[in-house]
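For the first sequence, counting from 1, position 118 maps to 127 in our numbering; every step adds exactly one.
Heads up, the beta-carbon is just placed ideally off N, CA and C, and yes, glycines get one too.
These numbers come from a predicted model, not from an experiment.
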Amino acid sequence: MAPGIRLPRAFYARHTVTVARDLLGKLVVRRRDDGTVRAGRIVETEAYHGPADQASHAHRGPTARNAPMFGPAGVAYVYQIYGVWFCLNAVTGRDRFPAAVLVRAVAPPGGGGAAKDGAGPGRLCRLLGIDKRLSGVDLVTGEELWIADDGARVPRRAVAAGPRVNVGYAGAWAARPWRFWLEGDRSVSR
DNA sequence: CTATTGATTCTC
DNA sequence: AGAATCAATAGG
């Protein structure tokens, strides 16, 4: 069993941007089918908020792929991009309001290990063995994937904010400072 | 900077 | 049905 206390549904059921900031420093915990457990500390996130957010997959309404975003908070939304990479999101906000936080990068727990392995949303999913079978699983009650708080404190000044990446098509929404990361962490994507 | 890659989504 | 689109990444 990995260290820490699993985040409750109330953690996710807040404003997307608040959840994105608060997820920094938390642990993504993945239990694989063979029973082994892997974890990574979140060092970078992005917020996606509502049907009006042009950068969000939910902007064009519900589809088979983004259905979890329209459900209750505390559920995983995993999708495949460019045919190759998976990206992990945590659904946030009110039930039926499409919002989620993209986990963009994790650091190997314990500080050691290769920092590059968790830098970037695609690499993090490869590291933790996350694929789209995990889309729609409940992060609060599920046994395969959840997010935990091990008590690590994140100083306010260690958190940096800026525009989201690779969403240039989103017009004015692309400029919103809805990406958060831990300043100076080697695992933050670039 | 470009190539890759295939599920998902858009347009007939 | 076929065409266009990507919440990336690796390699020049």
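On the DSSP bridge assignment, give the partners of residue i in chain order.
i    : result
W190 : E53 and A169
W182 : W182 pairs with nothing; no bridge assigned.
D147 : V84
Between which two residues does the beta strand (DSSP E) harbouring residue i extend?
i    : result
D104 : Premise fails: D104 is in no beta strand (DSSP E) and is neither H nor E.
Could you tell me the boundaries of the alpha helix (DSSP H) in which residue i lies?
i    : result
D158 : Element bounds for D158: not the alpha helix (DSSP H) but the beta strand (DSSP E), L154 to D158.
R135 : P130 to L137
R18  : R18 to Y21
Take the Cβ of residue i as the centre, count every other Cβ of all protein chains shown within 10 Å, and call the residue buried at 16 or more, exposed below.
i    : result
N98  : buried
V100 : buried
A19  : exposed
If you draw a straight line from the C-alpha of residue i to the C-alpha of residue j, how long is it?
i    : j    : result
V26  : G193 : 21 Å
S198 : D126 : 10 Å
V163 : Q63  : 30 Å
G180 : R69  : 15 Å
P60  : R142 : 25 Å
L136 : E53  : 16 Å
According to DSSP, is residue i helix, strand or coil?
i    : result
A82  : coil
V87  : strand
V28  : helix
R142 : helix
R40  : strand
A76  : helix
A64  : coil
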